[in-house]
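Enquirer: Protein chains in written order, with my numbering: chain A, 1 to 152; chain B, 1 to 663. Don't be surprised by glycine CBs; every beta carbon is placed ideally from N, CA and C. Everything numeric in this text was worked out from a predicted model, so none of it was measured.
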């Protein structure tokens, strides 16, 4: 509870200050490296904020993380290596895009499953309606035969 | 005294809503006209009492009566009058009171215009409204009383959260609640139909205007909230996939699906069960949104309240209403017969496809929003689901739908001809493709994906225009005949075209600003200049300024275009509200056509300069202009004489210029 309150309070501070976070002195000189850092920053959560990436937040912790990401990039890490390093230090909570792991399977599968199941149900019901309209059941066919014979 | 009257009125309204939730249903069951007739006067009386209660709280705010705890916590004697009034709903208790006021207003509207409804249906609908009102009135009275007094009364209030001291607070919550709560009518109609076990096309004709009205208000509310966040939060984002935003987006998605499935039900008597289920789900998502926001279960940008007792209370309401209505649905849905058959390629088929994609999109947003809560509840671990997830899943789901939109209105009911529809859309397709290609080759640093997005946006706009042109009889009639046919088109045809074109405009804004935005960050001293997408921004210096309840430092900028000609001034400031000891930033924004130059001030640099962040936001205004189109489309559709509330006898006078329109 205390932790949650503290988080809420911190978040309030960081949000009400309300401004984009990047300071010019953090930026890398190489535009290509900087672009990579920005892209990675947008995927990383500011741990003391609600639903803000470190790219958007001006909280102290977000700044530390931005600097950390840039240090790793300058040190020659690949994007994956940087993310792995950050996750190893801060846990999966830091990832704004959840991992493709078994635990998150339901999350990632929901759109595909629903679209698939919904589509299948629609196709099946359409097919059933068509056959129901066209073909006669055996009993109906016999009945029809009987009627036709009687009218002969 | 006034405050106590307001409190008492609220208690009376609660007692009356209990009567309303029981007596008319019993009357409808045993066929007693007198018991059923209780519904209307009770609905009016509840509306009157809640309005009185709301007025009492407003008076307390206007008079800065700090003996009322709610006023003390959220107001200040120096606050401008507009914010004193909007502050009434700028807090948990007051916003719940607004929620209930709007609920009662919708109940009153049904009672007022419901004279042509079957008596039992009307009684049941109003009774279900009464149940919702009773639940939320009890919630307010038991856990969120806005009228609680404090003694001794403080001299000065603690002021409203500065972020909320904005014209946005006057518009955004009321519109949003009109949408949220408006869907309660669809819910009540659905539950009433299930109670009666009977449903027909007249039911759909009744539900559609309410759905349209709620949907249009919700569209406006979300758009206004988005624009508010864009200019107020100071980093120029317009949608954050924040849980609170998702909470308002979910009923919008399912409400949009409901809007379309109700058309099928009204015109063709098909999809009855599905429409009823959607009506229940849409309001359930509204309730879920209210729960997520009000309980503080997701502490987020918007969360004012963090109190578990409230959360548990709303959760109970949620379980009773969602669980109850779904159980009723499970028991009674089989009694509803399904009607008209149709081929997969038909207007109905198109609307079913729309529903499939919209509900899948809604489910995706829902599970993404709730996933962190679920994982934490089950495993105790904390995970995040943020913008990257939603962009990755929602985007691919929505693009096929956008591509399909122009075909829908061109397909015939029952059995459509996709090939013929494609032929008619050829001009729209060719134009959209041309614009996409021109964008790709004319604008450097644009990606193929962005050009595709622009083409999709224009495809939607031209598709909507094609529909109008074809229905006016282009190429088949003389211009004067065409004009007469165009003017005589049903309002709902214009509504559809406006809303679909609006969707295209919003898409255009989103694509342009996400792919072509230019951002510049620099430390600036007075006299320094910064190049932003061809505009030269000159920093003239910081000027102190005193507002009514804040002080601010205004950063003044002048900007000139490529030719060096001065175009105007931008003032971007950092405010400080002493009552709450809170700083805010007020971004400086100027519009050029539909694009905007957005300037925000950051921290002071050690050398005396100030961090300046400037963005060029190309075509950004289209995001909200498109939403206005959708909203107006909903409103125009509402004016369709077929849907006019209280005017079912459309055959009374046949219009002199009877125009046959192939719909």
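From the DSSP output, read off the bridge partner residues of residue 614 of chain B.
Expert: Mapped onto the second chain, residue 614 of chain B falls at position 614. In DSSP, residue 614 of chain B forms a bridge with B/520 and B/599.
Enquirer: Please confirm whether residue 304 of chain B has its beta-carbon closer than 7 Å to some beta-carbon of chain A.
Expert: Locating residue 304 of chain B in the second chain gives position 304, where the first residue counts as 1. With a pLDDT of 38 at residue 304 of chain B, under the threshold of 50, the predicted position of this residue should be treated as unreliable, though the coordinate-derived value follows. False, the Cβ-Cβ gap to chain A never drops below 7 Å.
Enquirer: Just reading off the beta strand (DSSP E) that residue 360 of chain B is part of, what are its end residues?
Expert: Numbered from 1 along the second chain, position 360 holds the residue referred to as residue 360 of chain B. Per DSSP, residue 360 of chain B belongs to no beta strand (DSSP E); it is in the alpha helix (DSSP H), 347-379.
Enquirer: Checking 7 Å against the spacing of the C-beta atoms, do residue 69 of chain B and residue 150 of chain B come in under that value?
Expert: Counting from one through the second chain, the residue named residue 69 of chain B turns up at place 69. Counting from one through the second chain, the residue named residue 150 of chain B turns up at place 150. Yes; because the gap between Cβ atoms is below 7 Å, this pair is in contact.
Enquirer: In three-state terms, what does DSSP make of residue 507 of chain B?
Expert: Taking the second chain and counting its residues from 1, the one referred to as residue 507 of chain B is at position 507. Residue 507 of chain B falls in the helix class under three-state DSSP.
Enquirer: Identify which residue in B/408, B/415 and B/403 has its Cα closest to the Cα of residue 456 of chain B.
Expert: As a position in the second chain, residue 456 of chain B is number 456, starting the count at 1. With distances taken between Cα atoms, residue 456 of chain B lies closest to B/403.
Enquirer: I'd like to know if the region 244-264 of chain B and the region 212-230 of chain B are in contact, where contact means that at least 3 CB-CB pairs between them fall below 8 Å.
Expert: yes
Enquirer: Could you tell me the alpha carbon to alpha carbon distance between residue 60 of chain A and residue 92 of chain A, rounded to whole angstroms?
Expert: As a first step, residue 60 of chain A is located in the first chain; it is residue number 60 there, counting from the start. As a first step, residue 92 of chain A is located in the first chain; it is residue number 92 there, counting from the start. So the two alpha carbons sit approximately 20 Å from each other.
Enquirer: In the DSSP assignment, find the alpha helix (DSSP H) that holds residue 92 of chain A and state where it starts and stops.
Expert: Residue mapping note: residue 92 of chain A aligns to position 92 of the first chain, counting from 1. From DSSP, residue 92 of chain A is part of no alpha helix (DSSP H); its letter is neither H nor E.
Enquirer: Which runs of the alpha helix (DSSP H) at least 4 residues long sit entirely within the region 451-497 of chain B? Give them in chain order.
Expert: Here the runs fully enclosed are 479-488.
Enquirer: Quick check on this structure: which residue in B/36, B/232 and B/636 has the alpha carbon closest to the alpha carbon of residue 24 of chain B?
Expert: The residue labelled residue 24 of chain B in the question sits at position 24 within the second chain. Among B/36, B/232 and B/636, the Cα nearest to that of residue 24 of chain B belongs to B/36.
Enquirer: Here's a check: name, in chain order, each residue in its chain whose Cβ is nearer than 6 Å to the Cβ of residue 635 of chain B, leaving out the five neighbours to either side.
Expert: On the second chain, position 635 is the one that residue 635 of chain B refers to. So the qualifying residues of the chain are 216.
Enquirer: In three-state terms, what does DSSP make of residue 205 of chain B?
Expert: Here residue 205 of chain B is taken as the residue at index 205 of the second chain, counted from 1. Looking at residue 205 of chain B - three-state DSSP - the assignment turns out to be helix.
Enquirer: By Cβ distance, which residues of its chain are closer than 7 Å to residue 131 of chain B, with the 5 residues on each side in sequence left out?
Expert: Sequence index remark: in the second chain, residue 131 of chain B carries index 131 (1-based). Correct list, in chain order: 21.
Enquirer: Using a Cβ cut-off of 7 Å, pull out every chain A residue sitting near residue 709 of chain B, in sequence order please.
Expert: Beyond the ends of chain B as shown, which are 1 and 663, falls residue 709 of chain B; an answer cannot be given.
Enquirer: Should residue 385 of chain B go down as buried or exposed, given a rule of 16 or more other Cβ atoms within 10 Å for buried?
Expert: Taking the second chain and counting its residues from 1, one reaches residue 385 of chain B at position 385. Per the 10 Å Cβ criterion, buried.
Enquirer: Is it a yes or a no for the region 359-377 of chain B touching the region 233-248 of chain B, going by three-plus beta-carbon pairs under 8 Å?
Expert: yes
Enquirer: Flag residue 26 of chain A as yes if its beta-carbon sits less than 7 Å from any beta-carbon of chain B, otherwise no.
Expert: Indexing the first chain from 1 puts residue 26 of chain A at position 26. So no, residue 26 of chain A is outside the interface.
Enquirer: Determine the chain A residues that contact residue 393 of chain B at a beta-carbon separation under 7 Å, and present them in chain order.
Expert: Position 393 of the second chain, counted from the start, is the residue given in the question as residue 393 of chain B. Per Cβ cutoff of 7 Å: 111.
Enquirer: Measuring straight from C-alpha to C-alpha, what distance separates residue 1 of chain A and residue 383 of chain B?
Expert: In the first chain, the residue the question calls residue 1 of chain A occupies position 1. In the second chain, the residue the question calls residue 383 of chain B occupies position 383. Confidence at residue 1 of chain A is low in this model, with a pLDDT of 32, below 50, so its placement is unreliable and the value that follows should be read with caution. Cα-Cα distance, rounded: 18 Å.
Enquirer: Just curious, the beta strand (DSSP E) that residue 583 of chain B is in, first and last residue?
Expert: Indexing the second chain from 1 puts residue 583 of chain B at position 583. Run containing residue 583 of chain B: 582-586, per the beta strand (DSSP E) assignment.
Enquirer: Suppose the cutoff is 6 Å on Cβ atoms and the five residues either side in sequence are ignored; what does the same chain contact list for residue 230 of chain B look like?
Expert: Here residue 230 of chain B corresponds to residue number 230 of the second chain, with the count starting at 1. Excluding positions up to five away in sequence, the list reads 238.
Enquirer: Given that a residue counts as buried once 16 or more other Cβ atoms are within 10 Å of its Cβ, and exposed if not, what is residue 281 of chain B?
Expert: Here residue 281 of chain B is taken as the residue at index 281 of the second chain, counted from 1. That one is buried.
Enquirer: Does residue 575 of chain B come out as helix, strand or coil in the three-state DSSP assignment?
Expert: Working through the second chain from its first residue, we reach residue 575 of chain B at position 575. Residue 575 of chain B: strand per DSSP, three-state reduction.
Enquirer: Closer than 7 Å, Cβ to Cβ, to anything on chain A: give me those residues from the region 31-46 of chain B, in chain order.
Expert: none
Enquirer: Assess contact between the region 75-86 of chain B and the region 155-173 of chain B, defined as three or more Cβ pairs (one per stretch) separated by less than 8 Å. Is contact present?
Expert: yes
Enquirer: Give a yes or no on whether the minimum CB-CB distance between residue 221 of chain B and chain A is below 7 Å.
Expert: Sequence index remark: in the second chain, residue 221 of chain B carries index 221 (1-based). So no, residue 221 of chain B is outside the interface.
Enquirer: Starting from the C-beta of residue 360 of chain B, find all residues in its chain whose C-beta is less than 7 Å away, skip the five residues before and the five after it, and write them out in chain order.
Expert: Mapped onto the second chain, residue 360 of chain B falls at position 360. The answer, listed in chain order, is 397.
Enquirer: Could you tell me whether the Cβ of residue 521 of chain B comes closer than 7 Å to any Cβ of chain A?
Expert: Residue numbering aside, residue 521 of chain B sits at position 521 when the second chain is read from its first letter. Output row for residue 521 of chain B: interface = yes.
Enquirer: Reducing DSSP to helix, strand and coil, say where residue 44 of chain A ends up.
Expert: Numbered from its first residue, the first chain carries residue 44 of chain A at position 44. The answer is strand: DSSP assigns residue 44 of chain A an E or B state.
Enquirer: Please work out which residues of its chain come closer than 7 Å, Cβ to Cβ, to residue 300 of chain B, disregarding the five sequence neighbours upstream and downstream, and give them in chain order.
Expert: Here residue 300 of chain B refers to the residue found at position 300 when the second chain is read from its first residue. Annotation note: pLDDT 42 at residue 300 of chain B (below 50); position unreliable, coordinate value reported separately. Only 242, 243 and 244 meet the Cβ criterion.
Enquirer: Under 9 Å, CB to CB, which of the residues in the region 83-102 of chain A have a partner in chain B?
Expert: 91, 92, 93, 94, 95, 96, 97, 98 and 99
Enquirer: Here's the rule: buried if 16 or more other CB atoms are within 10 angstroms of the residue's CB, otherwise exposed. What is residue 143 of chain A?
Expert: Reading the first chain from its first residue, position 143 is the one you call residue 143 of chain A. Counting Cβ neighbours within 10 Å, residue 143 of chain A comes out exposed, since fewer than 16 surround it.
Enquirer: Just by C-beta distance, which residues in the region 375-388 of chain B are closer than 8 Å to chain A?
Expert: 375, 379, 381, 382, 383, 384, 385, 386, 387 and 388
Enquirer: Would you mind telling me which residues of chain B sit closer than 7 Å to residue 37 of chain A, beta carbon to beta carbon, in chain order?
Expert: By 1-based counting over the first chain, the position of residue 37 of chain A is 37. The contacting residues do not exist; residue 37 of chain A stays about 13 Å from chain B at best.
Enquirer: Chain B partners of residue 23 of chain A, CB-CB under 9 Å?
Expert: Position 23 of the first chain, counting from 1, holds the residue named residue 23 of chain A. Ordered by position in chain B, the residues that pass the 9 Å Cβ test against residue 23 of chain A are 521, 523, 602, 603, 605 and 611.
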